[in-house]
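Novice: First to last, the sequence lines map onto chains A and B. Residues in the first sequence are numbered from 31 upward in steps of one, following the numbering used here. Residues in the second sequence are numbered from 5 upward in steps of one, following the numbering used here. The beta-carbon is built from N, C-alpha and C at its ideal position, and this holds for glycine as well. It should be emphasised that the depicted structure is a prediction, and the values quoted were computed from it without experimental measurement. Would you mind keeping the following structure in view while I ask a few things?
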Amino acid sequence: MKMLPPIRIIKHSKSKLILLRGFFIAYGIFILCVNFSQTCNFFIPRVHQKTPQEPGIEFADLKPILKGVAKVGYLTDKDMSAQKNDGVFLSAQSMLAPTVLDLENAHHRLVLLDCNNLENAMSLMQDHALAFLYVNPYNKILAENKP
Amino acid sequence: MRFLFPFLASFFSGYLLIDLICRKDKKMDFFLHCFLAAGLGLGFSGIIIFLLFFFTGKADARAAIYVNLIFLFLLLLFDRKNIGQSVNSLTERTAGWPQPEIWFLSIILLMWGVYKMALWQKPYGGWDGWALYNMKARFLFWGGPAWKNIFQLHWHTQPDYPLLLSLINTWGWIGEGTDAFHVPAFTAAFFMVICCGLLFSGIKRYFNTGLAVFSALLLLTVPSYLIHGASQYADIVLAYYLLASLITLVITVREERKDFALLSGLFMGFMTFTKNEGILMLLLLVFLTTGYLFRKVEMKEEPHTLGRGAPFLKKEEMPKTRSKIILFLFCGTSLGLLSTGILKLLLAPPHHGAFGITLEMLSGFLNFNKLETILKSFISGFRHGGHIWVFILALLIAGYREIFHKETKILTIFLGLYFLSIVAVYLTTANYDLQWRLAQSINRILFYLLPSALFLAFYVYGKEEERLKKDE
Numbered sequence: 031m032k033m034l035p036p037i038r039i040i041k042h043s044k045s046k047l048i049l050l051r052g053f054f055i056a057y058g059i060f061i062l063c064v065n066f067s068q069t070c071n072f073f074i075p076r077v078h079q080k081t082p083q084e085p086g087i088e089f090a091d092l093k094p095i096l097k098g099v100a101k102v103g104y105l106t107d108k109d110m111s112a113q114k115n116d117g118v119f120l121s122a123q124s125m126l127a128p129t130v131l132d133l134e135n136a137h138h139r140l141v142l143l144d145c146n147n148l149e150n151a152m153s154l155m156q157d158h159a160l161a162f163l164y165v166n167p168y169n170k171i172l173a174e175n176k177p
Numbered sequence: 005m006r007f008l009f010p011f012l013a014s015f016f017s018g019y020l021l022i023d024l025i026c027r028k029d030k031k032m033d034f035f036l037h038c039f040l041a042a043g044l045g046l047g048f049s050g051i052i053i054f055l056l057f058f059f060t061g062k063a064d065a066r067a068a069i070y071v072n073l074i075f076l077f078l079l080l081l082f083d084r085k086n087i088g089q090s091v092n093s094l095t096e097r098t099a100g101w102p103q104p105e106i107w108f109l110s111i112i113l114l115m116w117g118v119y120k121m122a123l124w125q126k127p128y129g130g131w132d133g134w135a136l137y138n139m140k141a142r143f144l145f146w147g148g149p150a151w152k153n154i155f156q157l158h159w160h161t162q163p164d165y166p167l168l169l170s171l172i173n174t175w176g177w178i179g180e181g182t183d184a185f186h187v188p189a190f191t192a193a194f195f196m197v198i199c200c201g202l203l204f205s206g207i208k209r210y211f212n213t214g215l216a217v218f219s220a221l222l223l224l225t226v227p228s229y230l231i232h233g234a235s236q237y238a239d240i241v242l243a244y245y246l247l248a249s250l251i252t253l254v255i256t257v258r259e260e261r262k263d264f265a266l267l268s269g270l271f272m273g274f275m276t277f278t279k280n281e282g283i284l285m286l287l288l289l290v291f292l293t294t295g296y297l298f299r300k301v302e303m304k305e306e307p308h309t310l311g312r313g314a315p316f317l318k319k320e321e322m323p324k325t326r327s328k329i330i331l332f333l334f335c336g337t338s339l340g341l342l343s344t345g346i347l348k349l350l351l352a353p354p355h356h357g358a359f360g361i362t363l364e365m366l367s368g369f370l371n372f373n374k375l376e377t378i379l380k381s382f383i384s385g386f387r388h389g390g391h392i393w394v395f396i397l398a399l400l401i402a403g404y405r406e407i408f409h410k411e412t413k414i415l416t417i418f419l420g421l422y423f424l425s426i427v428a429v430y431l432t433t434a435n436y437d438l439q440w441r442l443a444q445s446i447n448r449i450l451f452y453l454l455p456s457a458l459f460l461a462f463y464v465y466g467k468e469e470e471r472l473k474k475d476e
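See below:
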């Protein structure tokens, strides 16, 4: 069989097909190996990690108290911007759903306070004339708006 | 494990629906049928539940079960003549498959493995998973008459976001009887696996099984696919419905199929009810498909004609088949659009940040620095995805002659226009810090585009191989 010069080998469709297939099979296998090793590197160190806590667990004990309550106020001294909030408000909303948490609104019968410390929480309660009802081990306070 | 019953019921609904719609196609590949049915059924169940809650005014789990069962029963009734033929033709439809029962078992085991991985890695999902989608599902599951309070939540919870994922999770919780955290994890795993399966089936319809298996394996082993998929975001649902829309669209245009046009429309409609981006995707796809069908070219396979510069058809010149295809496509989109329309126009508040853009601000949006930041973020995002995007690019370069050839041009132009639209959205960011927004969203955008990009890349490569074989 006559040997074709290299440039004509590449132009020949069958050779092109073989080259193409060969290249992509080799590259694909390489990627599969890389993916597999990256996946192992990601997951293996995490094998013994603790199961994360359910978001909003700090408010879990309030769930039975707020059962059937449509809306409660939610006061906080924390940064509530989209970029800098710590997610506690959203986790509270997730845990206490279907009760609606009305942020920065104390004009509900019940109001939830989530502050950096108890002093700030007490200060907020005084400002809004709220009566203390309950505090849980995570310092989340449930207060009442007296008529 | 009672949550599996709603998923099974939805699967059978989807299977019968496709059987009914595509009853003339006795030889549809069984796995394509199943992977399309899995998502179609869940989409229908979600929308049925939403419409039920909306029209009755309360979230009633029992009514949701009854309506879904009635829907399944009606499908059984209408499809009773086809079911026998469909079952009898299973042998024919799995012809060429070495021991299809092993494939089926492998898929089940795979789904179980991915589910366990998702549960172990992120049992409660990522931020948006627990804070948005699963939280809203709780309103739907427990809310009763007050389920509409979803739309009165603080804007941090994005009350304008579509609800399909939350409704699917609610459907799973209805079967389980409680808002168990493992149900959304299963939903995420389910969509991850059927997305891979759909990619496989879509490639296999036109090319060899080896290429199809390779494409699905590649997708399933991408670390960012596993990590983002397990986050329980709506992104994996959108990824599936986008891929389903594109695959059914390719079949529609390539084979001149009205039935697949209807299916494609249905999947496009579901996209709009999954994420806000789905609305843009539907508009682009419908516009491009209609434009393509209006051009004066033959849709049947021709030897390597590019069809460039073809004039547009006038209405009276339009072949009946193409008119019907467009009509069926529009009809298919109506279900999803109806639900999205009800949500956006009657229930949800406007998107926070969508308005408040003034003419004065517009001039500030179009600056080179912002564009540079956005493009750099995209490049960083591609790098984060690893070699997969380089591989996709390599496949597209190898098949460069096919990128704009016939039906492939719809997919290529769609992805290009979508990318430009996303850049435009970022350029007009008004109420958020751009860097923060990019950091939160780039990887997710690339994640839900990945299966479709892989489909395009392998489709182009497959066509190039066929072209080379014909040239021999």
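Taking 8 Å as the CB-CB cut-off, is Pro-188 of chain B touching chain A?
Specialist: Pro-188 of chain B does not count as touching chain A.
Novice: Return the CA-CA distance between Tyr-164 of chain A and Gly-336 of chain B, expressed in angstroms with no decimal places.
Specialist: One C-alpha to the other measures close to 54 Å.
Novice: What residues in the segment 147–162 of chain B have a beta carbon less than 9 Å from any beta carbon of chain A?
Specialist: Cβ contacts with chain A come from Gly-147, Gly-148, Ala-150, Trp-151, Asn-153, Ile-154, Gln-156, Leu-157, His-158, Trp-159, His-160 and Thr-161.
Novice: According to DSSP, is Leu-310 of chain B helix, strand or coil?
Specialist: Confidence is the limiting factor: at Leu-310 of chain B the pLDDT is only 38, short of 50, which leaves the residue's position unreliable and the question unanswerable from this model.
Novice: Can you tell me which of the three DSSP states Gly-103 of chain A falls into?
Specialist: In the structure shown, Gly-103 of chain A sits in a strand (DSSP, three-state: E or B).
Novice: For the segment 197–225 of chain B, which residues have a CB atom closer than 7 Å to at least one CB atom of chain A, in sequence order?
Specialist: Under the 7 Å Cβ criterion, the segment 197–225 of chain B contributes Phe-218, Leu-221, Leu-222 and Thr-225.
Novice: Establish whether the CB of Tyr-168 of chain A and some CB of chain B are separated by less than 8 Å.
Specialist: Closer than 8 Å: no.
Novice: Which one or two residues does DSSP pair with Phe-162 of chain A in a beta bridge?
Specialist: Beta-bridge pairing links Phe-162 of chain A to A:Ala-173.
Novice: How is the alpha helix (DSSP H) around Leu-460 of chain B delimited, first residue to last?
Specialist: Unbroken alpha helix (DSSP H) run through Leu-460 of chain B: 438–475.
Novice: Starting from Leu-24 of chain A, trace the alpha helix (DSSP H) in both directions and tell me its first and last residue.
Specialist: Summary: the structure shown does not reach residue 24 of chain A, with chain A confined to residues 31 through 177, and so no result is reported for it.
Novice: Please decide whether Gly-390 of chain B counts as near chain A, where near means a Cβ-Cβ distance under 8 Å.
Specialist: Judged by the 8 Å Cβ criterion, Gly-390 of chain B is in contact with chain A.
Novice: Just to confirm the assignment, what range does the beta strand (DSSP E) spanning Leu-131 of chain A have?
Specialist: Start and end: 130–133.
Novice: Go through its chain and collect everything with a Cβ distance to Tyr-296 of chain B's Cβ below 8 Å, but skip five positions before and after it.
Specialist: If we look at Tyr-296 of chain B and ignore the five residues flanking it on each side, its Cβ neighbours are Val-257, Glu-411, Lys-413 and Ile-414.
Novice: So, at 7 Å on beta carbons, what are the nonlocal neighbours of Ile-198 of chain B in its own chain, with the 5 sequence-adjacent residues on each side left out?
Specialist: The answer, listed in chain order, is Phe-39, Ala-42, Gly-43 and Tyr-244.
Novice: Here's the rule I'm using: 16 or more other beta-carbon atoms within 10 Å means buried, otherwise exposed. How should Arg-326 of chain B be labelled?
Specialist: Under this definition Arg-326 of chain B is a buried residue.
Novice: Under the assumption that Pro-10 of chain B contacts Gly-273 of chain B (Cβ atoms under 8 Å), give the Cβ distance between them as a whole number of angstroms.
Specialist: The Cβ separation is near 21 Å, so there is no contact.
Novice: Taking Ser-17 of chain B as part of the alpha helix (DSSP H), name the residues at either end of that continuous run.
Specialist: That run of the alpha helix (DSSP H) goes 8–25.
Novice: Just checking: is the beta-carbon of Leu-85 of chain A within a distance shorter than 8 Å of some beta-carbon in chain B?
Specialist: Contrary to the premise, residue 85 of chain A reads as Pro rather than Leu in this sequence. Cβ-Cβ to chain B under 8 Å: yes for Pro-85 of chain A.
Novice: Could you list which residues in chain B have their beta carbon closer than 8 Å to that of Lys-46 of chain A, in chain order?
Specialist: Residues of chain B passing the Cβ test: Leu-472.
Novice: Just the C-alpha distance for Gly-360 of chain B and Pro-354 of chain B, rounded to the nearest angstrom, thanks.
Specialist: In this prediction, Gly-360 of chain B scores a pLDDT of 49, lower than 50, which makes its location untrustworthy; the coordinate-derived value is nonetheless stated afterwards. One C-alpha to the other measures close to 11 Å.
Novice: For Pro-94 of chain A, which of A:Thr-129, A:Lys-114, A:Glu-84 and A:Ile-74 has the nearest alpha-carbon?
Specialist: Minimum Cα distance to Pro-94 of chain A is reached at A:Thr-129.
Novice: Hey, quick one: how far does the alpha helix (DSSP H) through Tyr-430 of chain B stretch, first residue to last?
Specialist: First-last of the alpha helix (DSSP H) with Tyr-430 of chain B: 412–431.
Novice: Evaluate Ala-428 of chain B with the Cβ neighbour count: other Cβ atoms within 10 Å of its Cβ, from every protein chain shown; 16 or more gives buried, anything less gives exposed.
Specialist: Counting Cβ neighbours within 10 Å, Ala-428 of chain B comes out exposed, since fewer than 16 surround it.
Novice: Take Ala-63 of chain B as the anchor and find which of B:Ile-69, B:Lys-120, B:Leu-78 and B:Gly-147 has the nearest alpha-carbon.
Specialist: Ala-63 of chain B has its Cα closest to that of B:Gly-147, out of B:Ile-69, B:Lys-120, B:Leu-78 and B:Gly-147.
Novice: State the start and end residues of the unbroken alpha helix (DSSP H) segment that holds Gly-273 of chain B.
Specialist: 262–276 is the extent of the alpha helix (DSSP H) around Gly-273 of chain B.
Novice: Under a Cβ-count criterion, where at least 16 other Cβ atoms within 10 Å of its own Cβ denotes burial, should Glu-134 of chain A be classed as buried or exposed?
Specialist: So Glu-134 of chain A counts as exposed.
Novice: How far does the alpha helix (DSSP H) with Trp-134 of chain B in it reach, from first residue to last?
Specialist: It is not in any alpha helix (DSSP H) - Trp-134 of chain B carries neither H nor E in the DSSP assignment.
Novice: Does any C-beta atom of chain A lie closer than 8 Å to the C-beta of Ala-461 of chain B?
Specialist: Not closer than 8 Å to any Cβ of chain A, the Cβ of Ala-461 of chain B fails to qualify, so no.
Novice: Closer than 8 Å, CB to CB, is Leu-400 of chain B near chain A or not?
Specialist: Answer no: the Cβ-Cβ gap between Leu-400 of chain B and chain A never drops below 8 Å.
Novice: Would you mind reading off the limits of the alpha helix (DSSP H) that contains Lys-140 of chain B?
Specialist: Start and end: 138–146.
Novice: Can at least three beta-carbon pairs, one atom from the segment 168–188 of chain B and one from the segment 211–223 of chain B, be found at a separation below 8 Å?
Specialist: No, the segment 168–188 of chain B is not in contact with the segment 211–223 of chain B.
Novice: Of all the options B:Trp-393, B:Leu-431 and B:Asp-83, which has the alpha carbon lying nearest to the alpha carbon of Leu-454 of chain B?
Specialist: Per the Cα distances, B:Trp-393.
Novice: With a cut-off of 8 Å, does the C-beta of Leu-453 of chain B fall near any C-beta of chain A?
Specialist: By this cut-off, Leu-453 of chain B is not an interface position.
Novice: Can you check whether the CB of Gly-181 of chain B is closer than 8 Å to the CB of Arg-6 of chain B?
Specialist: Yes, Cβ-Cβ distance for Arg-6 of chain B and Gly-181 of chain B is below 8 Å.
Novice: Considering only C-alpha positions, which residue in the set A:Ile-171, A:His-137, A:His-138 and A:Pro-167 is nearest to Met-152 of chain A?
Specialist: The residue with the shortest Cα to Cα distance from Met-152 of chain A is A:Ile-171.
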